[in-house]
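Here's the structure we're looking at; comments come further down.
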Amino acid sequence: MDDRGGGSFVAVRRISQGLDRGNNCHSTSAEVVAGSAAWLGRSLSCVCAQRCESDAHPSFDLTILQEECLQRLQNRIDVNYDSSLHEHQEALRALWNAAFPEDELQGLISEQWKEMGWQGKDPSTDFRGGGFISLENLLYFARNFPKSFQELLRKQQGDRALWEYPFAVAGVNITFMLIQMLDLEAVKPRTSVGAIFLKFLAENESAFDLLYCITFKLMDHQWLAMHASYMDFNTVMKATRHQLETELLQEDITRLEDLPSYSLLSR
Numbered sequence: 001m002d003d004r005g006g007g008s009f010v011a012v013r014r015i016s017q018g019l020d021r022g023n024n025c026h027s028t029s030a031e032v033v034a035g036s037a038a039w040l041g042r043s044l045s046c047v048c049a050q051r052c053e054s055d056a057h058p059s060f061d062l063t064i065l066q067e068e069c070l071q072r073l074q075n076r077i078d079v080n081y082d083s084s085l086h087e088h089q090e091a092l093r094a095l096w097n098a099a100f101p102e103d104e105l106q107g108l109i110s111e112q113w114k115e116m117g118w119q120g121k122d123p124s125t126d127f128r129g130g131g132f133i134s135l136e137n138l139l140y141f142a143r144n145f146p147k148s149f150q151e152l153l154r155k156q157q158g159d160r161a162l163w164e165y166p167f168a169v170a171g172v173n174i175t176f177m178l179i180q181m182l183d184l185e186a187v188k189p190r191t192s193v194g195a196i197f198l199k200f201l202a203e204n205e206s207a208f209d210l211l212y213c214i215t216f217k218l219m220d221h222q223w224l225a226m227h228a229s230y231m232d233f234n235t236v237m238k239a240t241r242h243q244l245e246t247e248l249l250q251e252d253i254t255r256l257e258d259l260p261s262y263s264l265l266s267r
């Protein structure tokens, strides 16, 4: 990624990883750590939430199929990135090849990774915020919507800020935000948005990955519309979440492809 104007790479580190599923009170939080001296002391935070019994939302009954699909997705969410696993290593290599097919990767630890918008030369340290699923999300995006993926990676569209958001770390933030927004670490959804999503998930097991792609493109769209710069990232994420929730709650939405923001994606 073009690190113009001395821009900083940031990394998301999850401080509290979810809850004991079924508890009445839990919190999730994230810390975004600035990777440049220019930003030290001005750290950002991901869009996060804290819920207790006093603000409890109504729960929604699930079909057996929805319960099974939710459990499989939760199993994915629970997998940490493990740099010692061959499968995880190959997924990381596949991501590089999809992003920069013209450039040979020198190693899983390499300065080259900064070009994608990781904090340093070892992207595995940044996956701690979103787990292995955040890598799977990026890889799904690259393979299924390569045109949009490349446009965002290379910042090819719009009037860009001098200091841009780092592509890869933004992707980890999006994974983390969606898990929170959809309340995916609960036994069953406690919001209408979460319940609606599980209907889509029961029809398409790739629904979370697809929603990720929609959200990433929507975030970039909001970024450009708001003429945002590096320190506006959290404001843009909040606006993106609000827009996404609004679209999911529209009565005529019967699948994710019906979302207005889906039209922003290009294959």
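The sequence shown runs 1 to 267 under full-length UniProt numbering.
Glycine is no exception: its CB is placed at the ideal position from the N, C-alpha and C atoms.
**Message:** If you follow the alpha helix (DSSP H) that Gly171 is in, where does it begin and where does it stop?
**Reply:** On the sequence shown, position 171 is the one that residue 171 refers to. Segment Phe167 to Met181, the alpha helix (DSSP H) holding Gly171.
**Item:** Rounded C-alpha distance that separates Cys69 from Arg255
**Value:** Here residue 69 corresponds to residue number 69 of the sequence shown, with the count starting at 1. Here residue 255 corresponds to residue number 255 of the sequence shown, with the count starting at 1. If you take the alpha carbons of Cys69 and Arg255, they lie about 16 Å apart.
**Prompt:** Under 9 Å between the Cβ atoms of Arg160 and Phe60?
**Reply:** Taking the sequence shown and counting its residues from 1, one reaches residue 160 at position 160. Taking the sequence shown and counting its residues from 1, one reaches residue 60 at position 60. Against a cut-off of 9 Å, the Cβ pair of Phe60 and Arg160 comes out as no contact.
**Asked** Using DSSP with H/G/I as helix, E/B as strand and the rest coil, what is Phe208?
**Response** Residue mapping note: residue 208 aligns to position 208 of the sequence shown, counting from 1. Reduced to three states, the DSSP call for Phe208 is helix.
**Request:** To the nearest angstrom, report how far apart Ser266 and Leu85 are at their CA atoms.
**Result:** Your numbering for residue 266 matches position 266 in the sequence shown. Your numbering for residue 85 matches position 85 in the sequence shown. Cα to Cα, the separation comes out at about 33 Å.
**Prompt:** Count the other CB atoms within 10 Å of the CB of Gly107; is the residue buried (16 or more) or exposed (fewer)?
**Reply:** On the sequence shown, position 107 is the one that residue 107 refers to. Exposed: under 16 other Cβ atoms inside 10 Å.
**Prompt:** Which residue comes first and which comes last in the alpha helix (DSSP H) that contains Tyr81?
**Reply:** Taking the sequence shown and counting its residues from 1, the one referred to as residue 81 is at position 81. Taken as a continuous stretch (DSSP letters only), Tyr81 belongs to no alpha helix (DSSP H), as it is neither H nor E.
**Request:** May I have the straight-line CA-CA distance separating Gln89 from Tyr81, to the nearest angstrom?
**Result:** Locating residue 89 in the sequence shown gives position 89, counting from the first residue. Locating residue 81 in the sequence shown gives position 81, counting from the first residue. Going from the Cα of Gln89 to the Cα of Tyr81 covers about 9 Å.
**Message:** Using the Cβ count rule (16 or more neighbours within 10 Å means buried), how would you classify Pro166?
**Reply:** Counting from one through the sequence shown, the residue named residue 166 turns up at place 166. It counts as buried.
**Request:** Please work out which residues of its chain come closer than 6 Å, Cβ to Cβ, to Leu201, disregarding the five sequence neighbours upstream and downstream, and give them in chain order.
**Result:** Stepping through the sequence shown from its first residue, residue 201 is reached at position 201. Only Cys69 and Ala207 meet the Cβ criterion.
**Item:** Identity of the residue in Leu162, Glu245 and Met177 nearest Tyr230 by Cα
**Value:** The sequence position of residue 230 within the sequence shown is 230, counting from 1. With distances taken between Cα atoms, Tyr230 lies closest to Leu162.
**Inter-residue Cα distance where the pair is Asn75 and Ala195** = In the sequence shown, counting from the first residue as 1, residue 75 sits at position 75. In the sequence shown, counting from the first residue as 1, residue 195 sits at position 195. Between Asn75 and Ala195, the C-alpha separation is close to 18 Å.
**Three-state class that DSSP yields for Thr254 in the structure shown** = The residue given as residue 254 occupies position 254 in the sequence shown. Correct three-state label for Thr254: coil.
**Prompt:** How would you call Lys238, buried or exposed, if buried means at least 16 neighbouring beta carbons within 10 angstroms?
**Reply:** Here residue 238 refers to the residue found at position 238 of the sequence shown. Label assigned to Lys238: exposed.
**Asked** From residue 290 to Tyr212, what does the alpha carbon distance come to, in whole angstroms?
**Response** Shown here, the chain extends from 1 to 267; a query on residue 290 therefore has no answer.
**Asked** Of the residues Lys217, Leu135 and Leu152, which one's Cα is nearest the Cα of Val172?
**Response** In the sequence shown, the residue the question calls residue 172 occupies position 172. The residue with the shortest Cα to Cα distance from Val172 is Leu135.
**Given 8 Å, three or more beta-carbon pairs between the segment 90-105 and the segment 139-152** = yes
**Distance CB(Gln157)-CB(Glu164) smaller than 9 Å** = For this step, residue 157 is matched to residue 157 along the sequence shown. For this step, residue 164 is matched to residue 164 along the sequence shown. Result no, Cβ atoms of Gln157 and Glu164 do not sit closer than 9 Å.
**CA-to-CA distance, Glu67 to Lys217, given in whole angstroms** = For the purposes of this step, residue 217 is taken as the residue at position 217 of the sequence shown. For the purposes of this step, residue 67 is taken as the residue at position 67 of the sequence shown. Spanning the two alpha carbons is a distance of roughly 29 Å.
**Request:** Would you tell me roughly how many angstroms separate the C-alpha atoms of Val47 and Asp103, rounded to the nearest one?
**Result:** Here residue 47 refers to the residue found at position 47 of the sequence shown. Here residue 103 refers to the residue found at position 103 of the sequence shown. With a pLDDT of 42 at Val47, under the threshold of 50, the predicted position of this residue should be treated as unreliable, though the coordinate-derived value follows. Whole-angstrom Cα-Cα distance: 34 Å.
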